[in-house]
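Following this note's numbering, the numbering of the sequence shown begins with 23 at its first residue and continues without gaps.
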Amino acid sequence: TAVRTAGALERYADRFPSNKAQTSSEFIGDPTLDPERSWQADLELKARYDRAAFEVSSFARHLSNYITLEPAPDAEPMLPLPIFAEGPFRYTNGTATFYGGEASASWAARPSLTASLSGSYLWGQNLETDQPALGVAPLRGDLGLRYEPPQGRFYVESTLSAAAGQDRVADVLGETPTDGYVALDFKGGLDVGWGVTLEGGVTNLTDIEYVDHLNAQNPYSGAPIPEPGRVFFLGVAYDF
């Protein structure tokens with residue numbers, strides 16, 4: 023078991039403008055919030071072979087006095103302009119259940135070539151409102167391929183990241199569904215000697231427009247804030 027006490031904003035905020043997961047709004051604290059208590063069971067399996075490795079983990083968690091939000095229709099917004107589509111919201115205690123898991127695998131196809139695969143999933147339910155828990159990420163995964171000679175002087179690596187759409191949302195708290203996406207990253211590194219390593223690459227190589235489900239919404243327009251487009255980067259590291 024574990025216990026979490028409410029933070030300062032969760033107890034004493036007075037229509038404080040902020041965001042929680044997607045929800046951009048004004049939040050009202052409650053000094054009488056009870057500490058959140060969780061009971062959790064975990065299961066983990068690992069296997070390692072000469073050229074392959076696998077890992078699977080899962081958990082089940084029940085939370086009493088779950089610190090979450092509820093609409094506060096009796097409270098007037100602090101800000102004079104109606105920039106928030108929803109709210110204000112008040113922190114409250116409830117009950118929730120979460121289930122989740124992660125899995126990963128790697129395989130050395132050649133001494134210098136390694137493929138990897140990973141994924142994760144989380145399911146949460148607010149038992150008080152009979153709605154999905156706020157701010158739960160959808161199913162997501164990564165597929166990677168890395169080439170690095172045995173001497174390790176350089177490497178190149180590509181990663182394909184994907185997320186499913188998320189339609190299990192707490193709509194009473196202003197959360198909205200998001201679409202899935204697939205993004206491609208590429209990077210490489212070179213050991214030039216004397217403790218100096220160069221690294222560079224590009225994220226979102228195909229320059230797609232996508233939104234991570236946990237990204238906040240623009241409080242003026244209500245539109246979700248997208249991830250960056252194509253970004254090139256270059257760095258130098260020195261070990262001493």
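Beta carbons are placed, not taken as given, at the ideal position from N, Cα and C, and that holds for glycine.
Between A75 and S142, the gap from beta carbon to beta carbon reaches 7 Å or more. Per the coordinates, the alpha-carbon of K42 lies some 12 Å from the alpha-carbon of I89. When C-alpha distances from F81 are compared across S183, G123, N87, Q44, the shortest belongs to G123. In summary, E98 is exposed, with fewer than 16 beta-carbon neighbours lying within 10 Å of its beta-carbon over all protein chains present. G210 and A137 have their C-alpha atoms spaced approximately 15 Å apart.
Counted as a single uninterrupted DSSP element, the beta strand (DSSP E) harbouring L182 occupies residues 176–185.
A distance below 8 Å between beta-carbons, with the five flanking residues on each side excluded, links A35 to the following residues of its chain, in chain order: F49, I50, G51, Y113. Note that the stretch 190–202 does not touch the stretch 171–180; fewer than 3 beta-carbon pairs, one per stretch, sit closer than 8 Å. In terms of Cβ geometry, L256 and G217 do not form a close pair [threshold 7 Å]. With a cutoff of 7 Å on beta-carbon distance, A155 and N148 are scored as near each other. For A28, the three-state secondary structure derived from DSSP is coil. Taking the C-beta atoms as reference points, A186 is found no nearer than 7 Å to L206. For a cut-off of 8 Å, the C-beta gap from P246 to V233 is around 4 Å, short enough to register as a contact.
Pairing L91 with L220, the inter-Cα distance amounts to about 46 Å.
The beta carbons of M100 and R37 sit closer together than 7 Å.
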